[in-house]
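Protein chains in written order, with this note's numbering: chain A, 222 to 548; chain B, 131 to 407. Here's the structure we're looking at; comments come further down.
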Amino acid sequence: MDKNFSARRRRDLIIAAVLAALAALAPLFVKNVYVQNILVLTLMYAALSQSWNILSGYCGQISLGHALYFGIGAYTTELLFTKFGVLPWFGMLAGGGIAAVIAMGLGYPFFRLRGHYFVIATIVIAEIGLLLFQNWEWAGAAMGITIPVRGDSWLKFQFMRSKLPYFYFALALCCIAWFVTWWLEDSKWGFWWRAVKDNPEAAESLGVVVFNSKMGAAAVSAFLVAIGGAFYAQFLAYIDPESVMGFQFSLLMALPAVLGGIGTLWGPVLGAAILIPMTELTRSYIGGSGRGVDLIVYGTLIVLISLALPQGLVSLLSRSKTKGATR
Amino acid sequence: MGLLYGLIAVGLALIFGLMDVTNFAHGEFLMIAMYASFFLFAFFAIDPLLSAPLVAAAMFVFGAVIYLLIVRFAMRAKTNAGMVQIFTTFGLAIVMRGLAQLFFTPDYRSIPQSWLGGKTVSVAGIFLPEPQLVGALVSIAAFAGLYFFIHRTDFGRALEATREDPGAVALVGIDKNRVFAFGWGLGAALVGLAGAIMAVFFYIYPDVGASFALIAYVTVALGGFGSVFGAFAGGIIVGLVEAVTALMLPPSLKSVGIYAVYLLVVFIRPRGLFGSM
Numbered sequence: 222m223d224k225n226f227s228a229r230r231r232r233d234l235i236i237a238a239v240l241a242a243l244a245a246l247a248p249l250f251v252k253n254v255y256v257q258n259i260l261v262l263t264l265m266y267a268a269l270s271q272s273w274n275i276l277s278g279y280c281g282q283i284s285l286g287h288a289l290y291f292g293i294g295a296y297t298t299e300l301l302f303t304k305f306g307v308l309p310w311f312g313m314l315a316g317g318g319i320a321a322v323i324a325m326g327l328g329y330p331f332f333r334l335r336g337h338y339f340v341i342a343t344i345v346i347a348e349i350g351l352l353l354f355q356n357w358e359w360a361g362a363a364m365g366i367t368i369p370v371r372g373d374s375w376l377k378f379q380f381m382r383s384k385l386p387y388f389y390f391a392l393a394l395c396c397i398a399w400f401v402t403w404w405l406e407d408s409k410w411g412f413w414w415r416a417v418k419d420n421p422e423a424a425e426s427l428g429v430v431v432f433n434s435k436m437g438a439a440a441v442s443a444f445l446v447a448i449g450g451a452f453y454a455q456f457l458a459y460i461d462p463e464s465v466m467g468f469q470f471s472l473l474m475a476l477p478a479v480l481g482g483i484g485t486l487w488g489p490v491l492g493a494a495i496l497i498p499m500t501e502l503t504r505s506y507i508g509g510s511g512r513g514v515d516l517i518v519y520g521t522l523i524v525l526i527s528l529a530l531p532q533g534l535v536s537l538l539s540r541s542k543t544k545g546a547t548r
Numbered sequence: 131m132g133l134l135y136g137l138i139a140v141g142l143a144l145i146f147g148l149m150d151v152t153n154f155a156h157g158e159f160l161m162i163a164m165y166a167s168f169f170l171f172a173f174f175a176i177d178p179l180l181s182a183p184l185v186a187a188a189m190f191v192f193g194a195v196i197y198l199l200i201v202r203f204a205m206r207a208k209t210n211a212g213m214v215q216i217f218t219t220f221g222l223a224i225v226m227r228g229l230a231q232l233f234f235t236p237d238y239r240s241i242p243q244s245w246l247g248g249k250t251v252s253v254a255g256i257f258l259p260e261p262q263l264v265g266a267l268v269s270i271a272a273f274a275g276l277y278f279f280i281h282r283t284d285f286g287r288a289l290e291a292t293r294e295d296p297g298a299v300a301l302v303g304i305d306k307n308r309v310f311a312f313g314w315g316l317g318a319a320l321v322g323l324a325g326a327i328m329a330v331f332f333y334i335y336p337d338v339g340a341s342f343a344l345i346a347y348v349t350v351a352l353g354g355f356g357s358v359f360g361a362f363a364g365g366i367i368v369g370l371v372e373a374v375t376a377l378m379l380p381p382s383l384k385s386v387g388i389y390a391v392y393l394l395v396v397f398i399r400p401r402g403l404f405g406s407m
């Protein structure tokens, strides 16, 4: 059993490396800017969903308020950049750090809540964040912040002419999020989290400090999501509260993981690879008329996939080979 | 206003609170009911107050059908049941919004003239707008009716028993799907009443539900899942808190007070005010 487990982990790592290498070559073949844009978004959501999965999938604390951390990452980076001239690279890390600290601060009261009470609390806290930013004059209020164009440079992480640098950054972020998940899966924390998710009382009695392990998951998850937010802000070059902290981001982070397989290593990547292009394509090919057909198609697909595959798409792939891997 | 939030929340209190089924499409149920009321007015000139029972009846059928066609299957999931319910009903909400945009267009609609619209009534020197007043009365009646229904009838007992243990319930001859389909129908009918009354004084547009849905969830959770009285109390508290916040903070921040009070309450009482689950 143990041997199987480590063999599977090695195989996962190899598959990931091959996929990453193939993805890195993609821009050689894909010259179309529109398609590149979809690729960037897909990678970004894969990374976000992977980060969300750490807290909500592995540790079982379903959060529908991760937009808060996404927004904090975006706002910290851009406020530091536009008001104090701090390079986005440092802003990004600062945003991640602030998000992690806030996640732990919130975790202190939040993790006492169970089930629906917890989920609603996460939605509500993100909503409060959104409303506060919409009314915060210094941070641009509802008008948002336009990031000044200073020409293409890696130093300022700003590229007008090409989407490729963003593509590679998103790919790197996705790999990091995946690798962190992979690494955590086999660490003490990973086992603790699964124990906490399955039966917190039993875990506690075996010496797992339930509270601390939830805190750890929340901090890691929030940090990575905030980095994603910072990236998104640089990518769009414009942010306002609704476009980086809206409820839809919380859902868009959760959806790929749920569709792909919640609490699994490959679920978020797989889910994002299918969901995000689908979203973008329905929006641009049948949307636009403003008549809501894209919404109908999109919503129907979500209903069908959630009903048909409650364990996510991963369950199709791993049903025969790795039993127990999805737990 | 608090009683109106209560009225929107009462249907959710039944579906979400008593049956423990997550319904993320509750706001869209409200939206559909408002449109139904609007079209009955626009085409047949039936006043929303008269059409409210019609709308409620139609919503009853709608809710039961949605349960039988979709939600029933979402509840069957053995793993991740919570997430499957969240995303199935969320997908449903998107579809309903899309359909509303397609068939009703995204335009803002309103019912210009009705028996209640724009009138006020003076109670002990305080002027109250009539639609809100009627809404408040209907809300109290709806809560009282639901309370009676859940605690005093066989159906109510069957509903609670079904949530507790669907397997055991089947052994004593209760059809789980029948009970829950009826519960969903009733929940939808209640939100139908809310929609018919709100249609008098709110703009009607495809996304209208979203703005009320979160407040409805908060109301139910604030009062505590599994408690009809809790949802009623939750509605009143939410209304009062909103009114007080609106006095102290800019109007755009009025919801912050509601959310903050919810957090405060669940930090002190993790199961809401009157929750049993």
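The C-beta atom is built at its ideal place from N, Cα and C for all residues, glycine as well.
Identification of chain A residues near R401(B) by a Cβ-Cβ cut-off of 8 Å yields Y338, ordered along the chain.
Chain-order list of chain B residues neighbouring V514(A): G228, Q231 and L232, by C-beta distance under 9 Å. When DSSP states are grouped into helix, strand and coil, T367(A) belongs to the strand group. Counting only runs of 4 or more residues that sit fully inside the region 197-242 of chain B, the alpha helix (DSSP H) segments are 211-234, in chain order.
In the structure shown, the three-state DSSP call for I334(B) is strand. With respect to the C-alpha of G481(A), the residue from T521(A), S527(A), F412(A) and V441(A) having the closest C-alpha is S527(A). If you draw a straight line from the Cα of L502(A) to the Cα of E425(A), it is about 47 Å long. In the DSSP assignment, I460(A) forms a beta bridge with I366(A).
Bounds of the alpha helix (DSSP H) holding W403(A) are L385 to E406.
From the listed residues P309(A), C395(A), L285(A) and G484(A), the smallest Cα separation to L240(A) is found for C395(A).
Taking C-alpha positions only, L472(A) is separated from M313(A) by approximately 23 Å. Listed along chain B are P380, S382 and L383, each with a C-beta nearer than 8 Å to that of N356(A).
When DSSP states are grouped into helix, strand and coil, W314(B) belongs to the helix group. Per DSSP, reduced to three states, the secondary structure at I304(B) is coil, with no helix or strand assignment. Between G328(A) and I293(A) a beta carbon distance of about 15 Å is seen, past the 8 Å cut, so the two are scored as non-contacting. In this structure, A342(A) is the residue among H287(A), F226(A) and A342(A) with its C-alpha nearest to the C-alpha of R399(B).
Scanning chain A for C-beta atoms nearer than 8 Å to the C-beta of A204(B) yields S527 and L528, reported in chain order. Residues of chain B whose Cβ lies closer than 9 Å to the Cβ of V417(A) do not exist, since the nearest Cβ in that chain is about 16 Å away. For L534(A), none of the residues of chain B pass the 8 Å Cβ criterion, the least Cβ distance being about 13 Å. Close CB contacts of L276(A) within its chain, under the 7 Å cut and outside five residues either way in sequence, are with Q282, S284, A438, A439 and S442 (chain order).
G275(B) carries a helical assignment under DSSP once its states are collapsed to helix, strand and coil. For secondary structure counted as the alpha helix (DSSP H) over 4 or more consecutive residues, the region 240-315 of chain A holds these complete runs in sequence order: 254-274 and 288-305. DSSP, read as helix, strand or coil, puts R399(B) in coil.
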